[in-house]
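Below is one structure; the comments refer to it alone.
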Amino acid sequence: MSDALADKRTATRFRVLVEIADRQPAVSQGEIADAVGVTSQAVSEYIRELVDDDLVTKEGRSRYSVTKEGVDWLFQEAKSLQRFADHVTGDVLGTVQEDTAIATAQIEAGQAVTISVQDGLLHATPGESGPATGVATTDADEGTDVSVTSFEGVIDMTAGTVTVIQIPPARDGGSRAVDTDQLADSCATADLVVAAGVEAVVSLRQADREPAVTVAAGEVAAAAAAVGQRVVVVASTDTMGRVTDALRDGNVSYEVTNPVA
């Protein structure tokens, strides 16, 4: 472990030397004190010790430079800090990161589970039969939420699709110009149907399909496609730009159809 993490004095010594290296050769002890959070007198004492240890040279009043030995010590401590940070973010936090899934069967805390995506939601199945696994941290009955950590592997997920169905504005016929049967067929196999614009909502209702959402349709479609869902966006001509902009922002490909009778 880095000496700078071993005790407060060494940590302050490290920070003072960093500030000197950053400000040399004209070094303001007051500015260093403000940056490090100690008194100017304390900074003066640290600098005197650094000079005595040949980590810093004094070249005149308030003029200091870090020596080669000082640079080497900074590099050594910085690398040690980096290794420790990598350990925390990779080994420690990487294993304690948690997410929530739906239990497909009864699960006990500490049990290994396979992670999958169904209907756009994470699901946890007892056992390690799939390419993505984790460990449950809570008990859960079938169909309830379970907390999972220690993820490994890649979740097997089919890419989602987005079909945008354009509805003419009311001034050009609106829902009256739509082939209702064709619209219904286009929505039949979708996991999610959303609408943008009044003409789109009315057209879907005439096709006996209530949209899941009628606001932020493009954003919702992009998010759903990202987790593998088949999405149909029914949009009036006047709202098409906002929908397609949101899909492009989400890096989601789409196709446009036009069910005009």
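Every letter in the sequence shown is one number past the one before it in full-length UniProt numbering, and letter 195, counting from 1, is 195. Glycine is no exception: its CB is placed at the ideal position from the N, C-alpha and C atoms. This one's a predicted model, so the numbers in the text were calculated from it and none came from an experiment.
Next item on the list: With a cut-off of 8 Å on the beta carbons, I'd call Glu19 and Ala35 a contact; round off their distance for me.
Entry: Contact holds; Cβ gap of about 6 Å.
Next item on the list: With a 10 Å radius around its C-beta and 16 neighbouring C-beta atoms as the bar for buried, classify Phe75 as buried or exposed.
Entry: Exposed, because fewer than 16 other Cβ atoms sit within 10 Å of the Cβ of Phe75.
Margin query: Output needed for Glu142: all residues of its chain with C-beta closer than 7 Å, excluding positions within five of it in sequence on either side, in chain order.
Written below: Apart from sequence neighbours up to five positions away, the residues of its chain that approach Glu142 with a beta-carbon distance below 7 Å are Ala103, Thr104, Ala105 and Gln106, ordered along the chain.
Note to self: To the nearest angstrom, how far is the alpha carbon of Ala177 from that of Leu183?
What the structure shows: If you draw a straight line from the Cα of Ala177 to the Cα of Leu183, it comes to about 11 Å.
Next item on the list: Inspect the beta-carbon positions of Leu192 and Ala212 and report whether they are closer than 7 Å.
Entry: Yes.
Margin query: Just verifying my parser: in three-state terms, what is the DSSP assignment at Leu93?
Written below: Any reading at Leu93 must be qualified, since the residue scores a pLDDT of 48, below 50, and its modelled position is unreliable; the value itself is stated next. Looking at Leu93 - three-state DSSP - the assignment turns out to be helix.
Next item on the list: Answer yes or no: do Thr163 and Gly197 have a C-beta to C-beta separation smaller than 7 Å?
Entry: It is not a contact, given that the beta carbons lie outside the stated cut-off.
Next item on the list: Could you tell me whether the Cβ atoms of Ala200 and Val234 are closer together than 7 Å?
Entry: Yes, these two residues count as a Cβ contact at 7 Å.
Note to self: Just to confirm before moving on: does the CB-CB distance between Ile167 and Ser186 stay below 7 Å?
What the structure shows: Between Ile167 and Ser186, the C-beta spacing is not below 7 Å.
Next item on the list: Using alpha carbons as the reference points, say which of Pro169, Glu255 and Thr161 lies closest to Val231.
Entry: The residue from Pro169, Glu255 and Thr161 with its alpha-carbon nearest to that of Val231 is Thr161.
Margin query: My parser needs the alpha helix (DSSP H) runs of 4 or more residues fully inside the UniProt domain "HTH crp-type" (19–68); what are they?
Written below: The UniProt domain "HTH crp-type" (19–68) contains these whole alpha helix (DSSP H) runs: 29–36 and 40–52.
Checklist line | Residue from Thr180, Thr237 and Val202 whose Cα sits closest to the Cα of Pro259 | finding: Among Thr180, Thr237 and Val202, the Cα nearest to that of Pro259 is on Thr180.
Notebook entry, point to check: Out of curiosity, what's the CA-to-CA distance linking Gln111 and Val38?
Noted result: Using only the alpha carbons, I get a separation of about 50 Å.
Next item on the list: List the DSSP bridge partners of Gly153.
Entry: DSSP lists Ala132 as the beta-bridge partner residues of Gly153.
Check: Which residue spans inside the stretch 187–211 form an unbroken alpha helix (DSSP H) run of at least 4?
Finding: Counting whole runs of 4 or more residues, the stretch 187–211 contains the alpha helix (DSSP H) stretches 198–206.
Item checked: Coarse secondary structure for Asp139, derived from DSSP in three states -> Residue state for Asp139 is assigned as coil, using DSSP reduced to three classes.
Next item on the list: Rank Arg9, Arg248, Val117 and Gly174 by C-alpha distance to the C-alpha of Ile47 and give the top, closest one.
Entry: Of Arg9, Arg248, Val117 and Gly174, the residue nearest in Cα terms is Arg9.
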